[in-house]
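What follows is a single structure, written as C-alpha cells, with notes after it.
There are 2 protein chains.
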Amino acid sequence: MLRGVLLDLAGVVYDGDTLIPGSAEAIGRLREAGLSVRFISNTTRSPRKALVAQLAGFGIEVSDDEVLTPAGAAIAWLLENGRSPHLVVHPKLGPEFDGIEFAGPPAVVVGDAGETFDYAMLNRAFRQLMDGADFIALANNRLFKDRDGLPSMDAGAFVAALEFASGAKATVIGKPAPAFFEAGLREMGCAAGEVAMVGDDAESDVAGALQAGLGAALLVRTGKYRAGDERRFDPPPTAVTADLAAAVEWLLSKRM
Amino acid sequence: MLRGVLLDLAGVVYDGDTLIPGSAEAIGRLREAGLSVRFISNTTRSPRKALVAQLAGFGIEVSDDEVLTPAGAAIAWLLENGRSPHLVVHPKLGPEFDGIEFAGPPAVVVGDAGETFDYAMLNRAFRQLMDGADFIALANNRLFKDRDGLPSMDAGAFVAALEFASGAKATVIGKPAPAFFEAGLREMGCAAGEVAMVGDDAESDVAGALQAGLGAALLVRTGKYRAGDERRFDPPPTAVTADLAAAVEWLLSKRM
Chain A
1 MLRGVLLDLA GVVYDGDTLI PGSAEAIGRL REAGLSVRFI SNTTRSPRKA LVAQLAGFGI
61 EVSDDEVLTP AGAAIAWLLE NGRSPHLVVH PKLGPEFDGI EFAGPPAVVV GDAGETFDYA
121 MLNRAFRQLM DGADFIALAN NRLFKDRDGL PSMDAGAFVA ALEFASGAKA TVIGKPAPAF
181 FEAGLREMGC AAGEVAMVGD DAESDVAGAL QAGLGAALLV RTGKYRAGDE RRFDPPPTAV
241 TADLAAAVEW LLSKRM
Chain B
257 MLRGVLLDLA GVVYDGDTLI PGSAEAIGRL REAGLSVRFI SNTTRSPRKA LVAQLAGFGI
317 EVSDDEVLTP AGAAIAWLLE NGRSPHLVVH PKLGPEFDGI EFAGPPAVVV GDAGETFDYA
377 MLNRAFRQLM DGADFIALAN NRLFKDRDGL PSMDAGAFVA ALEFASGAKA TVIGKPAPAF
437 FEAGLREMGC AAGEVAMVGD DAESDVAGAL QAGLGAALLV RTGKYRAGDE RRFDPPPTAV
497 TADLAAAVEW LLSKRM
C-alpha cells in the first residue's frame, strides 16, 4: 500500500531555472490523493531555504521540513558524533552551518563546491585527513547536467580525489546512503515498503532507494537521464517514465 | 651483475631547493665505478631542462638525455598513437609540448598542476573524456613532501577525480608503469636484472621497479619516506638505507 512519495528535485521537478512541464500539477495530484510527499535532494550548492524559495517561485508551496538535504543530515551527524566541520562546500551553502554550536575534533565535510573548488581548498582538507580528521561526503554524485546542457563534474569526483590522496574513506550522507532515505521515511511516519522514490539518477536515486528497502523507485527520462541508464545499475528501476507527471500517473494507477 | 643505476630525483638527490648531503659525491662514485646512471623522475611540474639546470646548480653535471620524465614519455606515446594532447598540467610544463606536430583525436594528459588545478580546468578535461578522448596520467602519485615540510596532494588525486566522474581509466606514463622503467633500461642498454633503482617512494619507485623486473630496488629514508613505508607495499625493498650516499655504499659493496 502506497502511503508516501519521495521526490528528487533537480532534473525531476525542475531543470536549472525551468520548471519541468506538468511537475507542479503532478505534485498537487499526489497531495490530493492523500499521500505524504517529501523532497529529497542531493543538491549541496544551495541552502534549504533557497530550494524552498525556488519551489515557491514555481508555484509549489512546501515548508522547510518537507525538504531533506545532505547539509541538514550532516549537521545532525556532526552534533550526534561530537565533531566540528571543516567545510569544503560552495560559499552559498556555508551559512547553513552558521550559528550552530559544534564541538569536538574536526570532520572534513565535502559538498559540490562548483567553480570554487581549487587546489588550496582541497589541500587544506587533505592535510586535515592526514592528521586523522573524520571524512564526510554530503553527496557522492559523479556528474550533473549543467546550465549549458552538458555534464559537469559533481562532488563525488573531489571526494574520490581526497580519498585517493589520503587513503581515508568518506562516509556518504546524501543519496544513495540508506540513512538519508530513512530520514525521509521517519519524517513521513511511513515504513519503507509504503514509499516510492522518483528520480533522474538511476544509481543514487533509484538503485539507492531500492537498496534502502523502498517499495518502488521510478526513473524519469528528464534531467541527467541518458539512454540506457535503466540497465546500468542494480537493482533496476521499478518503472521508467517520460517525466514526473507520467511517474505520478503510474503511481496513482497502481494504487487503485 | 650490476651495470646500471636508476635514481629518483626529488627526495633522493635533493629536497626542495636543498641538495641532500653526500648525494653529489655518491653519484660521482657510481660513475667512477663504471656504472651507467640515469635519473628517472615523476616530477611533472618542471620541464626536463629545468631539472638538468637544477642538478647543475648542485654541481651535478648531466645531459638532457640522462633525465627521464613522464612528459618525455608522454610525447613519445602521443606521437606513436596519433593523438593530440589536451593538457591538464602546470604552466611550467606546457612549453615541453610546444613545437611538436601532434595530430589526431584528443588525449587528456594530466600532470601535477599544483596550485593551478581548479574546477574549470578539470571540468574541461572531464567533458573531453565524456566525449571519448583518451586518458593519460603523467604520474599517479598520491602525495609529495611540500616546501613547508608537510604532505601535499599530487597528480594522482586529480586523476582519481577524473576517473570517478567520467568512468574512464587513465593509462599511467610515469613510475610505477613498467614501460617507463623499460625506457630507462633501453637508454642504458642494460637488461632489467642488471639495474638497481634508488627512490624514496616505496610504492612507485621501489615496488614499481621490482615489478618491472629490476635486479634491486633500494628505499631511502629521505624525502617523502615515512616510518614503516618498507612494510606498506609489495614487493618490499631489497634494502632500506639512510640516504643516497648509504644506498650507493650498499650497491658498491654488493658488487665486489
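Residue numbers (the working numbering), protein chains in the order written: chain A, 1 to 256; chain B, 257 to 512. Even for Gly, the Cβ is constructed at its ideal location relative to N, Cα and C. Just so we're clear, the structure is a prediction, and the values are computed from it rather than from any experiment.
Buried versus exposed, by CB contacts within 10 Å (16 or more), residue i
| i | result |
| --- | --- |
| Lys175 of chain A | buried |
| Glu61 of chain A | exposed |
| Ile356 of chain B | exposed |
| Ala53 of chain A | exposed |
| Arg287 of chain B | exposed |
| Leu93 of chain A | buried |
| Arg339 of chain B | buried |
| Asp131 of chain A | exposed |
| Gly360 of chain B | exposed |
| Asn337 of chain B | exposed |
| Asp229 of chain A | buried |
| Ala395 of chain B | buried |
| Ala120 of chain A | exposed |
| Pro341 of chain B | buried |
| Lys49 of chain A | exposed |
| Ala452 of chain B | buried |
| Gly479 of chain B | buried |
| Asp243 of chain A | buried |
| Ser46 of chain A | buried |
CA nearest to the CA of residue i, picked from the options
| i | options | result |
| --- | --- | --- |
| Ala363 of chain B | B:Gly350, B:Glu486, B:Ala421 and B:Leu343 | B:Leu343 |
| Ala483 of chain B | B:Ala448, B:Leu307, B:Leu394 and B:Asp457 | B:Asp457 |
| Ala426 of chain B | B:Ala381, B:Phe489 and B:Glu450 | B:Ala381 |
| Lys510 of chain B | B:Ala472, B:Lys480 and B:Arg488 | B:Ala472 |
| Ala137 of chain A | A:Asp131, A:Ala161 and A:Ala191 | A:Ala161 |
| Glu450 of chain B | B:Arg403, B:Leu507 and B:Asn298 | B:Leu507 |
| Phe391 of chain B | B:Gly423, B:Ala282 and B:Thr274 | B:Gly423 |
| Ile429 of chain B | B:Arg294, B:Ile276 and B:Leu324 | B:Leu324 |
| Phe358 of chain B | B:Ser302, B:Trp333 and B:Asn379 | B:Trp333 |
| Ser204 of chain A | A:Gly57, A:Asp118, A:Arg232 and A:Leu35 | A:Arg232 |
| Val293 of chain B | B:Thr274, B:Ala498 and B:Leu258 | B:Leu258 |
| Ala502 of chain B | B:Ile283, B:Leu466 and B:Asn397 | B:Ile283 |
| Val89 of chain A | A:Ala196, A:Pro236, A:Ala177 and A:Asp118 | A:Asp118 |
| Leu311 of chain B | B:Ser279, B:Ala289, B:Leu291 and B:Ala447 | B:Ser279 |
| Val12 of chain A | A:Thr44, A:Met188 and A:Lys145 | A:Lys145 |
| Ala433 of chain B | B:Met444, B:Glu505, B:Arg442 and B:Ala468 | B:Ala468 |
| Asn298 of chain B | B:Leu470, B:Ile276 and B:Leu307 | B:Leu307 |
| Thr300 of chain B | B:Arg285, B:Leu399, B:Leu474 and B:Leu335 | B:Leu399 |
| Gly367 of chain B | B:Tyr270, B:Leu291 and B:Pro326 | B:Pro326 |
| Pro493 of chain B | B:Gly328, B:Leu500 and B:Ala465 | B:Ala465 |
| Leu275 of chain B | B:Ile296, B:Leu291, B:Gly290 and B:Phe314 | B:Phe314 |
| Val476 of chain B | B:Glu505, B:Met444 and B:Leu441 | B:Glu505 |
| Gly114 of chain A | B:Asn379, B:Arg383, B:Ser408 and B:Ala369 | B:Asn379 |
| Gly272 of chain B | B:Gly290, B:Ser319, B:Asp320 and B:Asp404 | B:Asp404 |
| Ala289 of chain B | B:Ile296, B:Leu385 and B:Gly260 | B:Gly260 |
| Leu385 of chain B | A:Leu129, A:Thr116, A:Met153 and A:Ala133 | A:Met153 |
- Item | Under 8 Å (Cβ pairs) to chain A, residues found in the segment 369-382 of chain B | Ala369, Gly370, Glu371, Thr372, Phe373, Asp374, Tyr375, Ala376, Leu378, Asn379 and Phe382
- Within 9 Å of chain B by C-beta, residues of the segment 157-171 of chain A in sequence order: Ala157, Phe158, Val159, Ala160, Ala161, Leu162, Glu163, Phe164, Ala165, Ser166 and Gly167
- Message: Please list, in chain order, the residues of the segment 179-211 of chain A that have any C-beta partner in chain B closer than 8 Å.
- Response: none
- Item | Residues, ordered as in the chain, of the segment 385-409 of chain B that lie near chain A by beta-carbon distance below 8 Å | Per Cβ criterion, the list reads Met386, Arg398, Leu399, Leu406, Pro407, Ser408 and Met409.
- Taking one C-beta from the segment 258-272 of chain B and one from the segment 177-184 of chain A each time, how about it: are there three or more such pairs within less than 8 Å? Contact between the segment 258-272 of chain B and the segment 177-184 of chain A is absent: fewer than three C-beta pairs spanning the two stretches fall below 8 Å.
- Task: Can you check the segment 54-118 of chain A for any alpha helix (DSSP H) of at least 4 residues that lies completely inside it and give the ranges in chain order?
- Result: Complete alpha helix (DSSP H) runs here, min 4: 70-81.
- Message: Three or more C-beta pairs under 8 Å: does that hold for the segment 146-166 of chain A against the segment 397-415 of chain B?
- Response: Under the Cβ criterion (8 Å, minimum of three pairs), the segment 146-166 of chain A counts as touching the segment 397-415 of chain B.
- Query: If you scan the segment 384-469 of chain B from start to end, which runs of the alpha helix (DSSP H) of 4 or more residues do you find wholly inside it?
  - Reply: 411-422, 434-444 and 464-467
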